[in-house]
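Data block below; observations after.
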Amino acid sequence: MKLVIGCDQGALELKEHVKEVLKEFTDITVEDVGTYTTDSVDYPDIAEKICAKITSGEADRGIALCGTGIGISIACNKVKGIRAALCHNVFTARMSRQHNNANVLAMGGRDVGFGPATEMVRVWVKEKFLGGRHERRVNKIMAIADKRNS
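Each step along the sequence shown adds one to the number in the UniProt record's numbering, with nothing skipped, and position 35 is 35.
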């Protein structure tokens, strides 16, 4: 699996930690689209880079981080084909994959500690979409985006 990861300055430390966690998985390659310093950047710009990699097929999924995770998840969800889930614990990370087929995991660098982030990432990258009734619901979500973005 190819993952793309990015953050603003509010989540730089968390991004670096998550990249270390992802090294545990030999079947995952990671592309880091920034930021690389604590200088201020705009999270919508990072979200756009992450989503472009996914929608072009250059990446399978992404991890998007900002101070709270809220802004970057909103920005990601403006892109057709993206299902970004802002997660705060293992349960929401698991459900975002099983039920919602989330292709972007969003977290906040200022409110999620390294311990919970580690566990969320481990679960999220391994979890599979269950399909069935959930596929019908995800298809309806995507149909809304198709209607609104046409």
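Backbone N, C-alpha and C fix where the C-beta goes; we use that ideal spot for every residue, glycine too.
Identify which residue in the options has its Cα closest to the Cα of residue i.
i	options	result
Glu48	Asn77, Asp27, Gly113	Asn77
Tyr43	Gly81, Asp146, Glu58, Ala106	Ala106
Val21	Ile144, Arg133, Lys140, Phe114	Phe114
Trp124	Thr38, Val104, Gln9, Cys7	Val104
Gly81	Gly108, Ala102, Gly71	Ala102
Ala9	Thr55, Ile46, Glu119	Inspection of the sequence shows that residue 9 is occupied by Gln rather than by Ala. Looking at the Cα atoms, Ile46 is the closest of the given residues.
Can you give me the C-alpha to C-alpha distance between residue i and residue j, rounded to a whole angstrom?
i	j	result
Lys126	Asn89	15 Å
Asp32	Thr92	24 Å
Glu24	Arg136	33 Å
Ile50	Ala59	9 Å
Met95	Ile63	16 Å
Ala143	Thr37	38 Å
Can you give me the start and stop residues for the beta strand (DSSP E) that residue i sits inside?
i	result
Val4	2-7
Leu130	Neither: Leu130 is in no beta strand (DSSP E) and is coded neither H nor E.
Ala85	84-86
Gly71	Per DSSP, Gly71 belongs to no beta strand (DSSP E); it is in the alpha helix (DSSP H), 70-76.
Can you find the residues in the same chain that come closer than 8 Å, C-beta to C-beta, to residue i, ignoring five residues on each side of it along the sequence?
i	result
residue 151	The structure shown does not extend to residue 151, since the chain spans only 1 to 150, so no value can be given for it.
Arg110	Gly10, Ala11, Gly67, Thr68
With 16 as the cutoff for other CB atoms within 10 Å, does residue i come out buried or exposed?
i	result
Ala84	buried
Gly71	buried
Just to confirm the assignment, what range does the alpha helix (DSSP H) spanning residue i have?
i	result
Asp45	43-55
Arg97	90-98
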